[in-house]
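Report on the following structure.
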Amino acid sequence: MNLWRLIIREIRHRALNFALGILAVAVAIACQVAALALLKIDRAATREILAQKETEVAEAGAKLEDSMRKIMKGLGFNVIVIPEDQDLAEMHISGSISKTMPESYVDRLANSKIVTVNHLLPTVVQRVDWPEKETSVLLYGTRGEVPIAHRDPKKPLLDAVPRDSMIIGFALGKKYGLKAGDTTKLRGIDFKVLKVHAERGSIDDSTVWINLKQAQEMLDMENLIHAIQALECHCAGDRIAMIREEISQILPGVQAIERGSQALARAEARTKAADQAKASLEREKKARAELRAQRGRLATTLVPAVMIACMVFIGLLAFTNARQRATEVAMLRAIGLRAGQILVVFLGKSLLFGLIGGLAGYAAGILVAANSADAQFLSEVLQTERGKWLLLAFGLAPTLAVVGAWIPATMASSQDPAVVLQKE
Amino acid sequence: MLKLTDIRKNYRARDNHEVAALDGVSFELNKGEFVAVQGPSGCGKSTLLLIAGGLLSPDAGTVTIDGADPYAMSANARAGLRADKIGFVFQQFHLAPYLSVRDNIMAPDLAASQQRGPGRADELIKEFGLSDRATHVPDELSTGERQRVALARALFNNPGLILADEPTGNLDPDNSRIVLDRLRDIAQQGAAVLMVTHDETAAKAADRIEKLREGKRETA
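Residue numbers (this note's numbering), protein chains in the order written: chain A, 615 to 1038; chain B, 10 to 229.
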């Protein structure tokens, strides 16, 4: 005969009391495990959803970048650097520039650490007479783009025009019947027409592009240029202010002008859309974090409340059990059992229903989580957390049961057997 | 075996009034003696038995069991003394309802310093004619059988002192006779038996009768 045999026999005799004990522990542990599982699953799901959204935003961003690049390229040179004393009204009205600056400026700019512009193109631009056609045109001299030293070489927006060649605008080609391959005279020099631009609906339609050196000779502007054209970067904020700031530090005595367009507005709209997508992702992250925190707060309130309620219930069960067994305990004390052994009789029973309840609670908690969450996330979470939760269940459940039953068990073990036996 | 010297025990009544349950009771019980303590209800018989059994500390006086004062010991040592040297028989039997006859008889093995095991239980089962009831629980037994199980349990550790509180109180005459005969046999085998009873017929089965009235001993 030993105490465990006594405990097992009593459990079989009062099975309902034992089953209720298991139930109380199982509810508490199920609640704890389910809360942990759901919070973990929620975290994993959030991580995955956000990762997916981030990928989508990144992909959209990449597409946007590409689209922006195309737009900006399509936009053409949209920044023009001209001498500081150039009259802008004159430039806007006639399309030509009268003030000059050294051609070497473009090399200084190219060799600097400039980041706000790309594709530097030195030009002379002046309205000149085309006596052979009895008209005036806007003459552009260009020598091709000057690569920026600290950047990877980029495909030029505009190729250099070889000496004795010209490119003409749509209106000129149409008016004078010129097409690619034709030869025509400009101010006494024979030029081969390389290309006739498609209609642009701007002053470009009445423009002639020739080699920069040849234009400089024609206009008597050795080593001088009128402007440096550039493509602004696609950067956030007040771009033109940034460009002006940067250029003024490299080239004093010049001014930079931005030429707006529909393309620029489109680019800005897309930038705004990208910003909104990022902001939406941030909002989603914040909302998810708040929801998780809210669930966490609920779990930290609800789980202890359930634990306490279950512990109180276990205490009541143990108290009922101790009252039912008062005479039996008195008899056991009379035949010589020590108070500590009586304590073991009660707490041993609690330990048993704690262990069984822990196992049942763990299983129930996982089932609850499985019914409330995506099975894929549950399986992922279980792979890393199963061991910890089992350990928690088997550590917490017997503790809960033993602590819950402690006071009634102590009362039973310390009851005076004489008082009980005298009542009988 | 048992010596009670000038034992006094008072209880506080509901009106906060002190009532003397035992008032200077002294007597001695030797090995091989079967003594009945007789008296009307409320005369202090059960209190005397609990004090003699190391379960209820007296307000004054000394108790000696086999030369040792249980109330001078720690609670655990006193429990050990009860386990090894005293066997209790109660009027209500106080059997564990969920244990079989064999397990109830073996219950003292939980506390005794020397384990006797199922062999001793089977010996007592046979001796008390309970062989066909060994696996039954108390609810499946007759009243007489239950008292025999309680008696067998009291004898399991071969105690030197048997304390029986109204052991025939719930029994019919036939079963009463069986129990009293067994108690006399136990005394003849060398144990000291102290039985409290209000039943004159039962008391007559003892070697000696000590009468209690209003907490005091009367000379027979």
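The C-beta atom is built at its ideal place from N, Cα and C for all residues, glycine as well. Since we're looking at a predicted model, the values are computed, not measured.
Delimiting residues of the beta strand (DSSP E) encompassing residue i
| i | result |
| --- | --- |
| B/Ala22 | Looking at the DSSP string, B/Ala22 is not in any beta strand (DSSP E), and its letter there is neither H nor E. |
| A/Met835 | Where A/Met835 is concerned, there is no enclosing beta strand (DSSP E), given that its DSSP letter is neither H nor E. |
| A/Thr749 | 749 to 756 |
| A/His733 | 731 to 744 |
| B/Met204 | 201 to 206 |
| B/Ile95 | 95 to 98 |
| B/Ile266 | Nothing can be reported for residue 266 of chain B: it is not among the residues displayed for chain B, which extend from 10 to 229. |
Interface residues of chain B facing residue i [CB-CB closer than 9 Å]
| i | result |
| --- | --- |
| A/Leu931 | The premise fails here: A/Leu931 is roughly 17 Å from chain B at the closest Cβ pair, so nothing lies under 9 Å. |
| A/Leu966 | Residues of chain B passing the Cβ test: none, with the nearest at roughly 15 Å. |
| A/Thr1013 | Within chain B, no residue comes near A/Thr1013; the closest Cβ sits about 26 Å away, beyond 9 Å. |
| A/Leu620 | Ala105, Tyr107, Leu108, Asp112, Ala116, Leu119 |
Contacts that residue i makes with chain A (C-beta to C-beta distance below 7 Å)
| i | result |
| --- | --- |
| B/Ser35 | Here the premise fails: no neighbours, minimum Cβ distance about 21 Å. |
| B/Ser55 | Gln1036 |
| B/Leu65 | Ala1032 |
| B/Asp32 | Here the premise fails: no neighbours, minimum Cβ distance about 18 Å. |
| B/Gly230 | Since the first residue shown for chain B is 10 and the last is 229, residue 230 of chain B is missing from the structure and cannot be characterised. |
| B/Gly89 | Gly950 |
| B/Leu139 | Within 7 Å Cβ-Cβ: nothing; B/Leu139 doesn't reach chain A, min ~17 Å. |
First through last residue of the alpha helix (DSSP H) which encompasses residue i
| i | result |
| --- | --- |
| A/Ile956 | 953 to 986 |
| A/Thr998 | 989 to 1028 |
| B/Thr56 | 54 to 61 |
| A/Val720 | 718 to 724 |
| A/Val807 | Here A/Val807 belongs to no alpha helix (DSSP H); instead the beta strand (DSSP E) covers 803 to 810. |
| A/Thr941 | 940 to 948 |
| A/Ile622 | 617 to 627 |
| B/Gln197 | 182 to 197 |
| A/Ser779 | Counting along the chain, A/Ser779 falls outside any alpha helix (DSSP H), though it belongs to the beta strand (DSSP E) covering 779 to 782. |
| A/Ala1032 | 1031 to 1037 |
| B/Lys213 | 209 to 213 |
C-alpha distance - residue i paired with residue j, whole-angstrom precision
| i | j | result |
| --- | --- | --- |
| A/Gln876 | A/Phe784 | Note that A/Gln876 scores 49 on pLDDT, short of 50, meaning its location in the model is unreliable; the coordinates nonetheless yield the value given after this. Near 21 Å, if we compare the C-alpha coordinates of A/Phe784 and A/Gln876. |
| A/Leu965 | A/Ala629 | 15 Å |
| A/Leu786 | A/Glu698 | 32 Å |
| B/Leu48 | B/Arg17 | Checking the sequence, you will find Gly at residue 48 of chain B rather than Leu. Approximately 17 Å between the Cα atoms of the pair. |
| A/Leu1039 | A/Leu637 | Nothing can be reported for residue 1039 of chain A, as the shown portion of chain A is limited to 615 through 1038. |
| A/Ala672 | A/Glu898 | 15 Å |
| B/Ser55 | A/Val958 | 29 Å |
| B/Phe165 | A/Pro1031 | 21 Å |
| A/Ile711 | A/Glu836 | 16 Å |
| A/Leu1005 | A/Leu992 | 18 Å |
| A/Ala1010 | B/Leu203 | At residue 1010 of chain A the sequence reads Leu, which differs from the Ala that was named. If you take the alpha carbons of A/Leu1010 and B/Leu203, they lie about 51 Å apart. |
| B/Arg87 | B/Leu160 | 22 Å |
| A/Arg757 | A/Asp834 | 16 Å |
| B/Glu42 | A/Ala953 | 32 Å |
| A/Ser779 | A/Lys827 | 12 Å |
| B/Glu219 | B/Asn39 | 14 Å |
| B/Arg222 | A/Pro1012 | 53 Å |
| A/Glu860 | A/Leu800 | 39 Å |
| B/Asn184 | B/Gly153 | 5 Å |
| A/Leu912 | A/Cys645 | 12 Å |
| B/His207 | B/Val44 | 13 Å |
| B/Ala215 | B/Arg193 | 7 Å |
| A/Val647 | A/Gly979 | 5 Å |
| A/Asn725 | A/Leu838 | 18 Å |
| B/Gln156 | B/Gly169 | 20 Å |
| A/His811 | A/Arg902 | 55 Å |
Residues that residue i contacts on chain B, provided the C-beta gap is smaller than 7 Å
| i | result |
| --- | --- |
| A/Glu624 | Tyr107 |
| A/Thr934 | Within chain B, no residue comes near A/Thr934; the closest Cβ sits about 16 Å away, beyond 7 Å. |
| A/Met945 | His103 |
Listed by chain order, chain A residues near residue i by CB distance under 8 Å
| i | result |
| --- | --- |
| B/Met115 | Met615 |
| B/Ala121 | Gly950 |
| B/Ala92 | Ile949, Gly950, Leu951 |
Partner residues on chain A for residue i, Cβ-Cβ distance less than 9 Å
| i | result |
| --- | --- |
| B/Asn85 | Arg952, Ala953, Gly954 |
Proximity test, Cβ basis, 8 Å: residue i and chain D
| i | result |
| --- | --- |
| A/Ala948 | This model lacks chain D altogether, as its protein chains are A and B. |
Interface partners of residue i on chain B, CB under 8 Å
| i | result |
| --- | --- |
| A/Glu942 | His103, Ala105, Pro106 |
Residue i CB to nearest heavy atom of the ligand SAM below 7 Å
| i | result |
| --- | --- |
| A/Ala888 | The model depicted lacks the ligand SAM and carries no ligand whatsoever. |
Alpha helix (DSSP H) segments (min. 4 residues) lying fully within the region 110 to 177 of chain B: 110 to 115, 126 to 136, 152 to 164
Members of the region 990 to 1004 of chain A near chain B, C-beta cut-off 7 Å: none
Check each residue of the region 644 to 675 of chain A: if its Cβ is closer than 7 Å to any Cβ of chain B, include it; give the result in chain order. none
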